[in-house]
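Novice:
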Amino acid sequence: MRGFWPLIQLGWLIFVLLEGRADGGAFQSLRGAVFKIHVVSNEPNLMDPWKKMASQQSSGTGFYIGGGRILTNAHVVANAAFITVLRDGDSEPRPAAVRFIGHDSDLAVLEPTDPKVLDGVPALTFGSLPKLRSPVSTIGYPMGGEQLSITDGIVSRVSYRRYVHHGSAKHLLVQVDSAINPGNSGGPVVQGRLVVGVAFQSFTQAENTGYIIPTPVIRRFLRDIENGRYEGHPDDGLTTSDWTMLNPATSEFHELGPKAGGIKVAHVAPWAPTSGLIIPGDILLQIDDQAIGVDGKVSFEGERVDFRTVFDLKLMGDKAKFKLARDGKIQTVEVPIRRSLRHYSSGNIYSRHAKYFVYGGLVFTTLSRSLLRTWGEKWYRDAPLLLRFLDGFATFEPDFADMADIVVLIKRLPDAVNAYATGNTFGVVTAVDSQTIKSFEDLVSALEAGRGEFATIHFFGSEDPLVLSRLAVKERGNLINQKYGVVPDRWLKGPEDDGAMLGMEATK
Amino acid sequence: MKLLALCVAMLCLLIVPKARAETIEGGIVRVHISKKEVDKGAPWQFEEVSQQSYLGVIMPGPTVLTTAYAVADAAFIELQRFGSSRRAEAEVVFVDYEANLALLKPVLSTALAGARPVTLGDDLAIDESLEIYKMRDSYQVSRLPASLQDVGIFSAVTSNYSLASYLLKVQQSGLGWAEPVFRQGKLVAITTGQDANFVHALPSSMIKHFMDDRLGGVYRGFPSIGVQLQPLVSPEMRRQIGAQNLDAGVRVAEIQKGSSFAKKLLPNDVILAIDGQEISEHGFFTHPKWGKVHLKYLINQHFGGDQIKLKILRQGQEMTVEGVLERFDSNRSPVVAYRYGQAEPHVIFGGLVFQELSQDFLKQWGKEWKDIAPLELLFALNFQSKPTDEPTEKVIIVSRVLADEFNRGYGDIRFQIVDQVNGVRIQSLAALKQALTAPIVKNGKLYARVVFRLGGGEAILGYEGLNTAHQRIAKTYEIKKPESFFNWGEASGGQ
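Chains as they are written, first to last, in our numbering: chain A, 536 to 1043; chain B, 375 to 869.
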């Protein structure tokens, strides 16, 4: 929540050619690899979670990277119902499917249904992280015309910031001084003949700022999918206190010299791979032999960026090596990189439906950034206080840190069964009868498997539980669902297994 | 003769109301207030002084009755009688912020000489007409016709206490500045505010409560039962708690810690009657004049220390419970409600400014403070501020850091809730000061370790050079009160 900057996504691609002025020959060979992507998408409806929103059409850009694969942004093809790709210079759009999608890194790989579409298409190759002040060109199909567009710009910043599509995940990104507009998203950003990034988001509060996903993040994505599935970026789960090692008394207390540098750990999330290995109060001095400054930054390909960049770019199964000071002793700690345990992670939902369960007309779902955004652009002030608070602080509040899901009652579908089970709308379920609820599965099983005459649903901070008669719910539950068109009565799958990726049907 | 008599009678009719109006006007004073609020963001100083004008009515003594809101944070008070341009300095005799009422008296007792106190009327009936008196200038009063629309229970403007309030219908805006309300020459209410639809006003029974209480020597105040009640409309809930054979009574949801009913009531008891008045499933009783009114009004009518009798249903069994009502105190919660007219308590240690979290503090964020103040603080107010067994237990925050070389590296700390200091859990500024006198000793040196909640980490500062740093900070930030700073030298002879 702190330092919240509104960013907007660009649904499209920009092409910027600068270095070496992307001579005519280079450009001609580059443009042959660029595709315009048309998408009909079907977003989940968060408040009536058994429904979809009205379908929308949008477009973006992609480019051929060899092996029958077109790279684009995840947000270009998220919730896609139908995708076509149109190569620059061709006349016929061809159907395509999502092969891999990384909502955290906002990258996706498409495969045309007919692989012959790619015959003779030159694959683009990747360069390195572009240098500050170096020229880049963005290629793509921004709004305002049909033809391919090229925009030149200069690299103005390399930083570790929020990727808007995910909602809260931060990764390395590069800021350029040329505008990136809707339609540019997914397009290649090049220096000479090499791709140095993928255009993906812009900053609405300032003109002439565009953001690109740089090659370290793209290469990580491509390595991640090598084994046939995308596992995503690791989450270090570390909250640190920047600058505090500047304080002479503090560094003396930790028995470190005034020039030792390092960053102090304030909190370690219990679900993170670092849990139990790094503890609050540790001073992180190095990651993978790179010195961490008192500002928390390390030197990375010539730029100073957040030390998390190094951790963030690792794959599952890798190791991160920390040198740290604990109790006056310098020690080395190896953190095996693994997926985080299930926990509340603030982010948007990209599954076919949000998880939901309708019991006696009471509609339960899980908290997510997507749900909060149903309160509109200013959700961070208009959404209910408890939900806003948990979005930012669940990890730090002992009552919630170990919850796999935060279960929210979002509405009541009125019926005789629930006529007096009113109130607690947008409340967070803490228990059913005497059973503590720590996940969505807990809720479903406590409601359905409970034996008591009544199901008593308790909410956080409320002494006014809702009470339903189990018999009445059993008798009328199906009727209520029929009356309100709730089909099916539940959706318990997550984005990995619910077939949200077009062309990858759910197997469960 | 008859005609003459009629003429005389008509003349009387014309004259009498006028005479009555003049009497009323003689009982009204303007109350001019200069307000000096503590700057919550820099509690060692005050906000800019502001001037506000309210009304008051003359009561026996003579004293002047107005709202507590009017005199809150007053630095200087003047009274101005109707028809006079003279201003007389006044002082607060007594104020009850829970009830939002205050009594003033002139510094020179002659200032109200000859004034006739107003008479308190009875409670109004619904739809009865009345007049709100508003002073346009020193010589002119507007009498605005109004009627009683409804009676509700609302938090007083100056506290968290739920108090009966009139909702008056009137075609005029800009009211609510303690204007007196009269009916047939008697004071029946004092306005406390105005919303989109109604002017809110304290009924005469509440004013009488306050005035009579003053006469008794020891002020007992407005009480509360210390129990959270919930409507009991759900038949499923009724069956679950054994109250299915009745369609009246409210459910005891929670008994606050420290309530005198703590050992007498249990969660899921059903309160059927208070003082013999039957309570509906929504928590209402039937008032002879107002109809359905929330049971909190029955509590309002009592005084702190009164005994009340409850008829309850516990697991299907009717029984009687008696207990003592205690005077309500908005500041008994971990997050303090208000601190009018008092210095804002704070402690500065090495530039870290420690304060008690209060609703007043959160109001720094303006009208929409409930939406835009920092989430951690709003969460503490809304979900972690139930009264505890220890009334002194408060939420302590570091509100800001007065940047100095001494606290280098910690300048970004804002609005962090303090968990521990030097290994001791901190729930009051007194406990903080105590904990700061017991430094952590490491390698022969002394340190203070302040641990924050919600992933805020910790701040570690030394004691070496602390007093010098305090002198420097006092100078830089113009903090003129030495008592603002934690005093290390005297407390422990350090350095």
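Ideal Cβ positions, reconstructed from N, Cα and C, are used throughout, including at glycine.
I'd like to know whether the C-beta of A:S1099 is nearer than 8 Å to at least one C-beta of chain B.
Specialist: Residue 1099 of chain A falls outside the range modelled here, since chain A spans only 536 to 1043, and no answer is possible.
Novice: Taking the alpha carbon of B:F757 as the reference point, which residue from B:V709, B:V562, B:E779, B:I787 has its own alpha carbon closest?
Specialist: If we check each option's Cα against that of B:F757, B:V709 comes out closest.
Novice: Closer than 6 Å by C-beta to B:P856: which residues in its own chain qualify, once you throw out the five before and the five after it? Chain order, please.
Specialist: Excluding positions up to five away in sequence, the list is empty.
Novice: Using the DSSP secondary-structure output, state which residues sit across from B:E696 in a beta bridge.
Specialist: DSSP lists B:K683 as partners of B:E696.
Novice: In or out: A:R1025 buried (at least 16 other Cβ within 10 Å) or exposed?
Specialist: Label assigned to A:R1025: buried.
Novice: Looking only at DSSP bridge pairs, what is B:V525 linked to?
Specialist: Answer by DSSP bridge pairing, in chain order: B:Y540.
Novice: Is DSSP giving B:I746 helix, strand or coil here?
Specialist: Looking at B:I746 - three-state DSSP - the assignment turns out to be helix.
Novice: Is it true that the CB of A:V967 sits closer than 8 Å to the CB of A:G985?
Specialist: Yes.
Novice: Taking the C-alpha atoms as reference points, what is the distance between A:R556 and A:Q563?
Specialist: Its pLDDT being 39, under 50, A:R556 is placed unreliably in this model, and the value from its coordinates should be taken loosely. Their backbone Cα atoms lie some 13 Å apart in a straight line.
Novice: My output table needs one value for A:R556: the three-state DSSP class, helix, strand or coil.
Specialist: Bear in mind that the predicted position of A:R556 carries a pLDDT of just 39, short of 50, making it too unreliable to give a figure here.
Novice: Mapping the DSSP letters down to three states, classify A:D920 as helix, strand or coil.
Specialist: Here the sequence assigns Leu to residue 920 of chain A, which means Asp is not the residue at that position. Residue state, collapsed to three classes: helix.
Novice: Residue range of the beta strand (DSSP E) that A:Y695 falls in?
Specialist: Where A:Y695 is concerned, the enclosing beta strand (DSSP E) stretches over 684 to 697.
Novice: Among the residues of its own chain, which have a CB less than 7 Å from the CB of B:E452, if the five just before and after it don't count?
Specialist: The answer, listed in chain order, is H406, R461, A462, E463, A464.
Novice: Give me, in chain order, the residues of the same chain whose beta-carbon lies closer than 6 Å to that of B:A627; leave out the 5 immediate sequence neighbours on both sides.
Specialist: Here the set comprises Q602, Q604.
Novice: To the nearest angstrom, how far is it from the Cα of A:V569 to the Cα of A:Q726?
Specialist: Cα-Cα distance, rounded: 15 Å.
Novice: B:E472: buried (16+ other C-beta within 10 angstroms of its C-beta) or exposed?
Specialist: Buried.
Novice: Buried or exposed: which applies to B:P519, given that a residue is buried once 16 or more other Cβ atoms fall within 10 Å of its Cβ?
Specialist: Exposed.
Novice: Could you check whether the Cβ of A:A826 sits closer than 8 Å to any Cβ belonging to chain B?
Specialist: No, no contact with chain B.
Novice: With DSSP as the reference, identify every bridge partner of B:T811, one or two as the case may be.
Specialist: DSSP lists no partner for B:T811.
Novice: To the nearest angstrom, how far is the alpha carbon of B:V544 from that of B:S521?
Specialist: Cα-Cα distance, rounded: 7 Å.
Novice: Do three or more CB pairs link the stretch 793 to 801 of chain A to the stretch 732 to 749 of chain A at distances below 8 Å?
Specialist: At 8 Å Cβ cutoff, the stretches do not touch.
Novice: Quick one: does B:Q618 have its CB under 8 Å from some CB of chain A?
Specialist: Closer than 8 Å: no.
Novice: Kindly indicate the opening and closing residues of the alpha helix (DSSP H) around B:S578.
Specialist: Run containing B:S578: 578 to 589, per the alpha helix (DSSP H) assignment.
Novice: What do you reckon, is the C-beta of A:Q726 under 7 Å from a heavy atom of the ligand MN?
Specialist: Within the structure as shown, the ligand MN is missing, as the structure has no ligands at all.
Novice: Could you please give me the residues that DSSP links to A:G702 through a beta bridge?
Specialist: Answer is none; A:G702 lacks a bridge partner.
Novice: Our contact map puts B:Q845 next to B:V825 with C-beta atoms below 8 Å; I'd like the distance itself, whole angstroms only.
Specialist: That pair is no contact at about 27 Å.
Novice: Checking contacts by CB at 8 Å: is B:V607 closer than that to chain A?
Specialist: Judged by the 8 Å Cβ criterion, B:V607 is in contact with chain A.
Novice: Could you give the DSSP three-state label for A:A616: helix, strand or coil?
Specialist: A:A616: strand per DSSP, three-state reduction.
Novice: What number of angstroms, rounded off, separates the C-alpha of B:F859 from the C-alpha of B:A804?
Specialist: The alpha-carbon atoms of B:F859 and B:A804 are separated by roughly 13 Å.
Novice: So, at 7 Å on beta carbons, what are the nonlocal neighbours of A:K973 in its own chain, with the 5 sequence-adjacent residues on each side left out?
Specialist: Excluding sequence neighbours, A:K973 sits near D937, M938, A939.
Novice: Distance check for A:H802 and B:K854, CA to CA, integer angstroms please.
Specialist: Roughly 37 Å separates the two Cα atoms.
Novice: I want to verify the contact list: residues of chain B whose CB lies under 7 Å from the CB of A:Y955, in sequence order.
Specialist: Those are V607, S608, P609, E610, listed as they occur along chain B.
Novice: Find the residues of chain B that neighbour A:K799, judging by a C-beta separation of less than 7 Å, and give them in chain order.
Specialist: Under the 7 Å cutoff, chain B gives G831.
Novice: B:R782 CB to nearest chain A CB: under 8 Å?
Specialist: By this cut-off, B:R782 is an interface position.
Novice: Could you check where the alpha helix (DSSP H) with B:R510 kicks off and where it finishes?
Specialist: Note, B:R510: premise wrong, no alpha helix (DSSP H); beta strand (DSSP E) at 503 to 511.
Novice: Whose C-beta lies closer than 6 Å to the C-beta of A:W540 among residues of the same chain, with five residues either side of it excluded?
Specialist: Its pLDDT being 34, under 50, A:W540 is placed unreliably by the model, and the measurement read from it follows with that caveat. None.
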